[in-house]
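S.K.: Following the working numbering, the numbering of the sequence shown begins with 228 at its first residue and continues without gaps.
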Amino acid sequence: MLKYRLRKRKIRKRKIKIKLKKEREILMLIFCRDKVFVKNKIYNFSENFLESKKIKILDTSKNLPEVWQNLPAWIDAEEIENLTPDEKFVTMRELLHMGDDTAMTVTSRAWQFRNWFRNVKFCSHCGGNLIPNENDYGRKCEKCGVTFYAPISPAVITAIEHDGKLLLAHNTAWEETRYSIIAGFVEPGERLEETVRREIREEVSVEVKNIKYFGSQTWPFPNSLMLGFTAEYESGEIKPDGVEISRAGFFSPDEIKNMNLPHHESIARKLIENFLATH
Ligand SMILES: [Zn+2]
Numbered sequence: 228m229l230k231y232r233l234r235k236r237k238i239r240k241r242k243i244k245i246k247l248k249k250e251r252e253i254l255m256l257i258f259c260r261d262k263v264f265v266k267n268k269i270y271n272f273s274e275n276f277l278e279s280k281k282i283k284i285l286d287t288s289k290n291l292p293e294v295w296q297n298l299p300a301w302i303d304a305e306e307i308e309n310l311t312p313d314e315k316f317v318t319m320r321e322l323l324h325m326g327d328d329t330a331m332t333v334t335s336r337a338w339q340f341r342n343w344f345r346n347v348k349f350c351s352h353c354g355g356n357l358i359p360n361e362n363d364y365g366r367k368c369e370k371c372g373v374t375f376y377a378p379i380s381p382a383v384i385t386a387i388e389h390d391g392k393l394l395l396a397h398n399t400a401w402e403e404t405r406y407s408i409i410a411g412f413v414e415p416g417e418r419l420e421e422t423v424r425r426e427i428r429e430e431v432s433v434e435v436k437n438i439k440y441f442g443s444q445t446w447p448f449p450n451s452l453m454l455g456f457t458a459e460y461e462s463g464e465i466k467p468d469g470v471e472i473s474r475a476g477f478f479s480p481d482e483i484k485n486m487n488l489p490h491h492e493s494i495a496r497k498l499i500e501n502f503l504a505t506h
């Protein structure tokens, strides 16, 4: 750390004017426990704003090596005092429902790195300290040298079509009337297409074909990446697994329009809307 600070000071001397200007323009996200700070739909704040607030800081990305400064900057606050009525802390889900894609993408990135620093402080092999790398977003154990990276859990979600209808299912963890499409986590060693087939087979007992990539969405609950697919029904009779899925069936566009569906900001809803737009 001392070495890094000396190096940075040297650079700062050479580019003092540019550096000062740049530093004033830094926008930071403010996290506190399981929430993010928002003021009038703004989610990142200038250093001037931060100075005007009384914030007890636990950690900040500003102390990390230079390469890390390319990430959205964040502050992990213990508390912020003197909140005005338009200033509040929201959960990541509440931020998602604000419907601002940029806010969600930027915040999700900083959020997951911040959580990783907050939750993983030592090497899981030997208990040594983890030192942030100077050339990428990894952290290396100072004792045994193993490098760790922030965890990401990919999950697939698939819209299955059959005879102009879409397969929708009710998950036992959801509110009683909610329906959506089939999703599940990727397991080690699996190709995404295999995950799509396995999850659908496990949850509703049908086989699918013509699996096509649709798009992806960051899903920081806590660190997922949702990968959306479309597929066509091939064979089998729908049979919910009774554990995760309690009801499932193929529904027509007219039926779907009156159903309780996932929020508009989710890739699940985008896949359903994509089906409706093409049928
Ligand atoms: Zn170690």
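By construction, the Cβ of each residue, glycine as well, lies at the ideal position given by its N, Cα and C atoms.
1. Thinking C-beta only, is residue 367 closer than 8 Å to residue 379?
2. Taking the straight line between their C-alpha atoms, what separation do you get for residue 337 and residue 295?
3. Measuring only from the beta carbon, is residue 416 closer than 7 Å to any heavy atom that is part of ligand 1?
4. Residues near ligand 1, CB to any non-hydrogen atom under 5 Å, in chain order?
5. As a quick exercise: from 333, 420 and 302, pick the residue whose alpha carbon is nearest that of residue 457.
6. Taking the straight line between their C-alpha atoms, what separation do you get for residue 305 and residue 459?
7. For the structure I just gave you, are there three or more beta carbon pairs, one from the segment 473 to 482 and one from the segment 385 to 399, closer than 8 Å?
8. So within the segment 239 to 321, which uninterrupted beta strand (DSSP E) runs reach at least 3 residues, ignoring any that extend past its ends?
9. Does the segment 381 to 393 touch the segment 409 to 425, meaning 3 or more C-beta pairs lie closer than 8 Å?
10. Please determine, among 488, 440 and 316, the residue with the shortest C-alpha to C-alpha distance to residue 385.
11. Hey, quick one: how far does the alpha helix (DSSP H) through residue 379 stretch, first residue to last?
12. Name the one or two DSSP bridge partners that residue 459 has.
M.R.: Looking at the atomic coordinates:
1. If you number the sequence shown from 1, residue 379 lands on position 152. If you number the sequence shown from 1, residue 367 lands on position 140. It is not a contact, given that the beta carbons lie outside the stated cut-off.
2. Along the sequence shown, one-based indexing puts residue 337 at 110. Along the sequence shown, one-based indexing puts residue 295 at 68. One C-alpha to the other measures close to 11 Å.
3. As a position in the sequence shown, residue 416 is number 189, starting the count at 1. Result no, Cβ not under 7 Å from ligand 1.
4. 350, 352, 353, 355, 368, 370 and 371
5. As a position in the sequence shown, residue 457 is number 230, starting the count at 1. Here the closest residue by C-alpha is 420.
6. For the purposes of this step, residue 305 is taken as the residue at position 78 of the sequence shown. For the purposes of this step, residue 459 is taken as the residue at position 232 of the sequence shown. If I take the Cα positions, the gap works out to 50 Å.
7. yes
8. 254 to 259, 262 to 266, 271 to 273, 281 to 287, 300 to 308 and 314 to 317
9. yes
10. Within the sequence shown, numbered from 1, the residue matching residue 385 stands at position 158. Of the candidates 488, 440 and 316, the one whose C-alpha sits nearest the C-alpha of residue 385 is 440.
11. Mapped onto the sequence shown, residue 379 falls at position 152. Element bounds for residue 379: n/a, residue is neither H nor E.
12. If you number the sequence shown from 1, residue 459 lands on position 232. The partner list for residue 459 (beta bridge, DSSP) reads 388 and 436.
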